[in-house]
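Presented below is the structure to which this report refers.
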Amino acid sequence: MPLTFKRSERLSIGTEIELQLVDDERYDLTDRVVSAVGDRRRVKHELTKSMVELNSSVHRDLDELHAELRALTETVRRSAQRQSCDVCGGGRHLSNDWRKQVISDSARYRQLASRFGYLSKLACVFGQHIHLGVNDGDEAMYLCHALTPYFPQLIALSASSPLYQGVDTHFASSRFSAQNSFPNYGCLEHIYSWCEFSAYYERLNAAGVIENVKDIYWDARPKPELGTVEIRICDTPLRLSHAVRLVGYCRLLADFLLRRRTPIAPEYDAFTHYNKINAYRSGFAAEYVDSATLRRSSLTAHILHTLEALSSCAERQEDRAVLQAIERHVRQGISDSEHIRQMLHNGLPQAQVIKRLCDELLQPAS
4 MPLTFKRSER
14 LSIGTEIELQ
24 LVDDERYDLT
34 DRVVSAVGDR
44 RRVKHELTKS
54 MVELNSSVHR
64 DLDELHAELR
74 ALTETVRRSA
84 QRQSCDVCGG
94 GRHLSNDWRK
104 QVISDSARYR
114 QLASRFGYLS
124 KLACVFGQHI
134 HLGVNDGDEA
144 MYLCHALTPY
154 FPQLIALSAS
164 SPLYQGVDTH
174 FASSRFSAQN
184 SFPNYGCLEH
194 IYSWCEFSAY
204 YERLNAAGVI
214 ENVKDIYWDA
224 RPKPELGTVE
234 IRICDTPLRL
244 SHAVRLVGYC
254 RLLADFLLRR
264 RTPIAPEYDA
274 FTHYNKINAY
284 RSGFAAEYVD
294 SATLRRSSLT
304 AHILHTLEAL
314 SSCAERQEDR
324 AVLQAIERHV
334 RQGISDSEHI
344 RQMLHNGLPQ
354 AQVIKRLCDE
364 LLQPAS
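When you line the sequence shown up against this note's numbering, it's residues 4 to 369, in that order.
Set out below in structure tokens:
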């Protein structure tokens, strides 16, 4: 019997944001438990205890989403500060020693740690997952594939993980390197309908390869129980306001693609891998290859061209504001990773950089 896909309001929005829990003395990751945070559906520890995940409710309005995320963050921060801790954004802690991480008290996370050993602690990285409501499973599969050429844009727009264990990686985003050893990670399978996905799921489940959809770690995956497409490729931005912009940008992309729906042309995964690794490495300065035309351009040019195309879908003031803010951000060319590097190059110790990131979390995006 095929998986049931819950119908939801098309282009409704939600997001999950993983924050770093740090002590307020050395600003190292800490395993202290954030308690008394209210609804556990909205705030929980993720794979390790130093990862605090915010889960928004379903929204149509970006301002309302932002207000909810601010309120959740303020609640978490108050709880953390009672234990001499704080929270910040960023895709990877600047100097985290993976060996010191403590797996959270969840049956699923304990099972993952038992199965994958040290990889579970290495995966102590921080991302933003963006949910977009769709009408049915076929629409979900279409969007997962149609959005794929735009993933390098999202990598560059969210890049905030330039260091690993205190060393500059020379990547705009290094978070992916902690996750790409897991099975079913990265590019989508060449599955284009809900019927095909159901058959894929049932076969892998029957063989014991996966237990549920959560074991499929694609860059974008359908979430049948929520009725959404979940985009999983973004680093956690340094500021919540920028995270909300990314939700708005993804919604505009999805709206554009659904209005101009065309059959998905199967393409070699090598193109997707090439464009993604370039974006991870060089951010806005990356080279981008259009797999249909083989034309090369800068990723910045690709984003600006996309922004122009999306203007036809920007019917609300908040949508136009998102496009203007993204364009300003891209033309400035300063990613969150470059912001971190600039502070370090100016002589600020890593602990003080992290302290500033805590202070910036609720500030307006530039």
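Glycine included, each C-beta is placed from N, C-alpha and C at the ideal position. From a predicted model like this one, the values you see are computed outputs, not experimental measurements.
Considering residue i, what are the terminal residues of the beta strand (DSSP E) in which it resides?
i      : result
Asn58  : Met54 to Asn58
Val216 : No beta strand (DSSP E) contains Val216, which DSSP labels as neither H nor E.
Arg224 : Ala223 to Lys226
Asp27  : Neither: Asp27 is in no beta strand (DSSP E) and is coded neither H nor E.
Cys88  : Cys88 to Cys91
On the DSSP bridge assignment, give the partners of residue i in chain order.
i      : result
Tyr291 : Ser300
Gln156 : None; Gln156 has no bridge partner.
Gly136 : Thr231
Val46  : Leu57
Asp238 : Gly130
Thr51  : Ile106
Tyr220 : Tyr188
Ile16  : His62 and Leu135
So what's residue i in DSSP terms, helix, strand or just coil?
i      : result
Tyr195 : coil
Thr275 : helix
Thr170 : Sequence check: residue 170 is Val here, not Thr. In the structure shown, Val170 sits in a strand (DSSP, three-state: E or B).
Ile329 : helix
Cys316 : helix
Glu21  : strand
His96  : coil
Gly336 : coil
Ser177 : coil
Ser164 : strand
Leu150 : coil
Gly286 : helix
Leu32  : strand
Ser11  : coil
Thr309 : helix
Ile280 : helix
Ser369 : coil
Glu270 : coil
Would you mind stating whether residue i and residue j have Cβ atoms separated by less than 8 Å?
i      : j      : result
Leu370 : Ser107 : Any question about residue 370 goes unanswered here, given that the chain covers just 4 to 369.
Ser340 : Ala162 : yes
Ile357 : Val128 : no
Gly140 : Pro269 : no
His305 : Ile234 : no
Ser59  : Asp34  : no
Asp218 : Asn187 : yes
Leu166 : Arg95  : yes
Pro159 : Phe287 : With the sequence shown as reference, residue 159 is identified as Ala, and Pro is not the correct amino acid for it. Cβ distance < 8 Å, so Ala159 and Phe287 count as in contact.
Gly169 : Gln353 : yes
Leu72  : Leu243 : yes
His62  : Ile20  : no
Leu135 : Val232 : yes
Ala317 : Leu255 : yes
Arg178 : Gly120 : no
Arg298 : Glu290 : no
Ser164 : Gly93  : yes
Ala143 : Phe8   : yes
Leu307 : Val325 : no
Tell me which residue opens and which closes the alpha helix (DSSP H) that residue i is part of.
i      : result
Gln355 : Gln353 to Glu363
Val79  : Leu65 to Gln84
Ser123 : Tyr121 to Leu125
His342 : Asp339 to His348
Asp258 : Leu243 to Arg262
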